[in-house]
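Residue 1 is where the sequence shown starts when you use this note's numbering, and the numbers rise one by one after that.
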Amino acid sequence: MKKLTKIMAMAMVSILAMAALTGCGGGSGSIKFGTNAEFPPFEFIAANGVIGEYDGIDIAIAKKIGEDNNMDVSIENMEFDSLLVALQNGQVDAVIAGMTITEERAESVDFSIPYYRATQVIITKPESGIKSAADLSDKFVAVVQGYTGETVIIDLGLNYESFKKGTECIMELVNGKCDAVVIDSATAAKYVADNPGLIIVEDESAFENEEYGIAVKKGNTELLNKINASIQKMLDDQTIAELGDKYSVAE
Ligand code: GLN
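Below, the structure written as structure tokens:
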């Protein structure tokens, strides 16, 4: 009897531990967020992430949205280019991926209110002499496929190659195979902090402000209203600002 009680107690402990790990609280419904965990500080893989092995500002926001609405939250990791398709065919309920709200994307999905402001910046080596976007005209640039950075470079008519991951672009730059990388500001700060010898060049006149939003399937207003209410709360009580400070490199 005593042994049985002990076994039951152990079983309870592991069930509770599982619940804590997966964030399952028996909530009313669930939200599956699609992301591309290749975009620090917004989403990346970590040993002890906020949700399973996923960590970052966006993952913490996703978790809060679940808590605010008493819904279980899970993360599905995929290529950035596949996210909006996965949303449209119902593979995920929402996309949180440092995704800039653009008119083009808003034709196929609905976006939440903006939750973060960003801009594109140039990462280069000091010896490149690059001081502005205009200086890129005779240079070779690496960008990530499907990112707004790619669109901006195409619009500027520059020579470029696109890669699947930000880290691949950085390796190209470190190895001297390109002159610059154009990518979102907070992510650039992270890469520069991790790779000595690289600098950030800002050019506010060339790169417009961008705003990140969470995407849902077109017409899913029920989920969108929940997400918006939660974002508004996190903007009002400074949760998102604090997450930004916690995860970002001090500039
Ligand atoms: N903000 C950029 C975009 O929307 C990059 C997003 C990302 O890499 N996750 O394209």
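Quick reminder that beta carbons are idealized off the backbone N, C-alpha and C, glycines included.
Practice item. Pull up the CB-CB distance for Lys-226 and Asn-69, whole angstroms please, since I reckon it's below 8 Å. Key: The C-beta distance from Lys-226 to Asn-69 rounds to 5 Å, short enough to meet the 8 Å contact threshold.
Review point. Taking the C-alpha atoms as reference points, what is the distance between Phe-111 and Leu-173?
Key: C-alpha separation (whole angstroms): 33 Å.
Point to revise | Proximity of Tyr-247 and Ile-57 at Cβ, strictly below 8 Å | key: Inclusion of Tyr-247 and Ile-57 in the CB contact set at 8 Å is warranted, their separation being smaller than that value.
Point to revise | Contact check, Ile-183 vs Tyr-147, beta carbons under 8 Å | key: yes
Review point. Among Lys-217, Ser-74, Phe-163 and Val-249, which one has its Cα closest to the Cα of Asn-89?
Key: Lys-217
**Study point:** Distance CB(Ile-240)-CB(Tyr-115) smaller than 8 Å
**Key:** Against a cut-off of 8 Å, the Cβ pair of Tyr-115 and Ile-240 comes out as a contact.
Point to revise | Proximity test, Asn-36 beta-carbon vs ligand 1 heavy atom, cut-off 7 Å | key: yes
Review point. With a cut-off of 8 Å, do at least 3 Cβ pairs link the region 161-181 to the region 138-145?
Key: yes
Check your understanding: Which residue's Cα is closest to the Cα of Phe-80: Asn-159, Ile-113, Asp-72 and Phe-39?
Key -> Phe-39
Practice item. For Val-192, write down the residues that DSSP places opposite it in a beta bridge. Key: Beta-bridge pairing links Val-192 to no other residue.
Exercise for review: Assign Glu-150 to one of two classes, buried (16 or more other C-beta atoms within 10 Å of its C-beta) or exposed (fewer than that).
Suggested key: buried
**Study point:** Where Glu-242 falls, given that 16 or more other Cβ within 10 Å makes a residue buried
**Key:** exposed
Review point. Going by other Cβ atoms of all chains shown within 10 Å of its Cβ, with 16 needed for buried, is Ile-154 buried or exposed?
Key: By the Cβ-count criterion, Ile-154 is exposed, with fewer than 16 other Cβ atoms from all chains shown falling within 10 Å of its own Cβ.
Point to revise | Beta bridge counterpart(s) of Arg-117 as assigned by DSSP | key: Glu-211
Practice item. Measure how close the beta-carbons of Gly-131 and Gly-197 come, nearest whole angstrom, since I'm counting them as under 8 Å. Key: It is worth fixing the name first, because residue 131 is Lys in this sequence and not Gly. The pair is not a contact, with the Cβ atoms about 17 Å apart (cut-off 8 Å).
Point to revise | Bounding residues of the alpha helix (DSSP H) (the contiguous stretch that carries Asn-225) | key: Looking at the DSSP string, the run of the alpha helix (DSSP H) that includes Asn-225 is 221-236.
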